[in-house]
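Read the structure below first, then the notes.
Number of protein chains: 2
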Amino acid sequence: MDTATATLPMPAPQDLDLVAVLGALADPARLEIVAALAQVPEAACGQLLEGRMAKSTRSHHLRVLREAGVIAVRAEGTYKFSRLRRDDLDTRFPGLLDAIVTGALPVVGGNPPAAGPLGRAAAAPRTQ
Amino acid sequence: MDTATATLPMPAPQDLDLVAVLGALADPARLEIVAALAQVPEAACGQLLEGRMAKSTRSHHLRVLREAGVIAVRAEGTYKFSRLRRDDLDTRFPGLLDAIVTGALPVVGGNPPAAGPLGRAAAAPRTQ
Numbered sequence: 472m473d474t475a476t477a478t479l480p481m482p483a484p485q486d487l488d489l490v491a492v493l494g495a496l497a498d499p500a501r502l503e504i505v506a507a508l509a510q511v512p513e514a515a516c517g518q519l520l521e522g523r524m525a526k527s528t529r530s531h532h533l534r535v536l537r538e539a540g541v542i543a544v545r546a547e548g549t550y551k552f553s554r555l556r557r558d559d560l561d562t563r564f565p566g567l568l569d570a571i572v573t574g575a576l577p578v579v580g581g582n583p584p585a586a587g588p589l590g591r592a593a594a595a596p597r598t599q
Numbered sequence: 472m473d474t475a476t477a478t479l480p481m482p483a484p485q486d487l488d489l490v491a492v493l494g495a496l497a498d499p500a501r502l503e504i505v506a507a508l509a510q511v512p513e514a515a516c517g518q519l520l521e522g523r524m525a526k527s528t529r530s531h532h533l534r535v536l537r538e539a540g541v542i543a544v545r546a547e548g549t550y551k552f553s554r555l556r557r558d559d560l561d562t563r564f565p566g567l568l569d570a571i572v573t574g575a576l577p578v579v580g581g582n583p584p585a586a587g588p589l590g591r592a593a594a595a596p597r598t599q
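Chains as they are written, first to last, in the working numbering: chain A, 472 to 599; chain H, 472 to 599.
Have a look at this one:
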């Protein structure tokens with residue numbers, strides 16, 4: 472049985488704003504989320520940094536990233552999946568995302584190795 | 472007659488923090504200052520975006536940039552001169568500064584063409 476997929480609101484590629492993008496990324500938790508998403512095509516929002524922050528805190532950070540245009544979020548049934556808007560960001564701000572993800576590695580590297588950047592769960596989105 | 476030069480306090484290269492750097496840059500006026508400084512080895516602080524913002528506003532922005540490690544400021548007599556910490560930033564966050572300066576160009580490009588990025592005055596620091 473198919474489930475309808477809806478993409479949550481986000482700025483159009485031509486409306487990406489550098490100040491908004493930088494502001495969204497100027498936060499350790501959001502940098503960590505972006506570094507985690509840089510490693511996978513897409514991740515189930517519920518598995519991102521699982522057990523590392525409250526669900527409401529993660530929802531807040533994902534909303535900030537989405538509204539700034541850093542990530543796209545799609546809802547499929549009761550699940551949500553996030554991905555980096557790599558192509559849009561690379562087109563608008565060449566080199567920025569790679570530089571930030573690379574620069575964030577020492578920050579993200581401070582995590583307990585056992586957990587991994589996507590938390591305890593696997594990176595692959597859950598199928599329903 | 473020589474005048475003593477003093478460098479104002481700033482984080483050491485190894486203490487540069489990505490969140491602090493991104494936070495300092497997530498502001499249109501500070502992006503504009505950085506884009507202006509990217510074009511010159513050094514600029515007299517008093518000439519940066521001259522006539523475009525209040526002196527106290529500019530001082531505030533320069534302090535935020537300095538404390539985040541984006542710029543170095545030296546005082547020479549009653550004058551202050553700013554420069555981008557390009558080498559330190561490029562070493563710590565490869566590609567970040569170039570990506571941000573390039574990405575900021577459309578923002579900065581909104582200025583009146585006659586003024587130029589350093590304001591009405593010339594870029595070269597004044598000699599005493």
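Every residue, glycine too, gets a C-beta built ideally from N, C-alpha and C.
Here the structure is a predicted model, which is why all the values come from computation and not from measurement.
Per-residue DSSP class, three states only, for residue i
i      : result
H/T598 : Bear in mind that the predicted position of H/T598 carries a pLDDT of just 41, short of 50, making it unreliable; the figure below should be weighed with that in mind. H/T598 falls in the coil class under three-state DSSP.
A/V511 : coil
A/R557 : helix
H/A575 : helix
H/A570 : helix
A/R523 : coil
Interface residues of chain H facing residue i [CB-CB closer than 8 angstroms]
i      : result
A/A575 : L489
For residue i, the first and last residue of its enclosing alpha helix (DSSP H)
i      : result
A/A539 : K526 to A539
Whole-Å CB distance - residue i paired with residue j, under 8 angstroms assumed
i      : j      : result
H/G540 : H/V492 : 6 angstroms
A/V490 : H/D498 : 6 angstroms
H/A506 : H/H532 : Not confirmed; about 13 angstroms, so no contact.
A/F552 : A/A514 : 7 angstroms
A/L479 : A/A546 : 7 angstroms
H/L520 : H/R529 : 7 angstroms
H/R554 : H/A570 : Going by Cβ atoms, the distance from H/R554 to H/A570 rounds to 19 angstroms, so no, they are not a contact pair.
Within chain A, the residues that residue i reaches when beta carbons sit closer than 7 angstroms
i      : result
H/A570 : F564, P565, G566, L567 and A570
H/P499 : V490
Limits of the beta strand (DSSP E) - the one that residue i falls within
i      : result
H/P497 : What sits at residue 497 of chain H in the sequence shown is Ala, not Pro. Element bounds for H/A497: n/a, residue is neither H nor E.
A/T476 : T476 to T478
H/A546 : I542 to E547
Contact with chain B by residue i, beta-carbon distance below 7 angstroms
i      : result
A/G494 : No chain B appears in this structure, whose protein chains are A and H.
Where residue i meets chain H, residues with beta-carbon distance less than 9 angstroms
i      : result
A/D559 : Near A/D559 there are no residues of chain H at all, since even the closest Cβ is about 13 angstroms away, more than 9 angstroms.
A/L502 : L489, V490 and L493
Buried/exposed call for residue i, threshold 16 Cβ in 10 Å
i      : result
H/T598 : Unreliable placement is indicated for H/T598, whose pLDDT of 41 sits below 50; no coordinate value is reported for it.
A/Q518 : buried
A/D558 : exposed
H/G574 : buried
H/A525 : exposed
A/A495 : buried
H/L576 : exposed
beta-carbon residue i near the ligand ZN non-hydrogen atom, thresh 6 angstroms
i      : result
H/L536 : Among the ligands in the structure shown, none appear at all, so the ligand ZN cannot be discussed.
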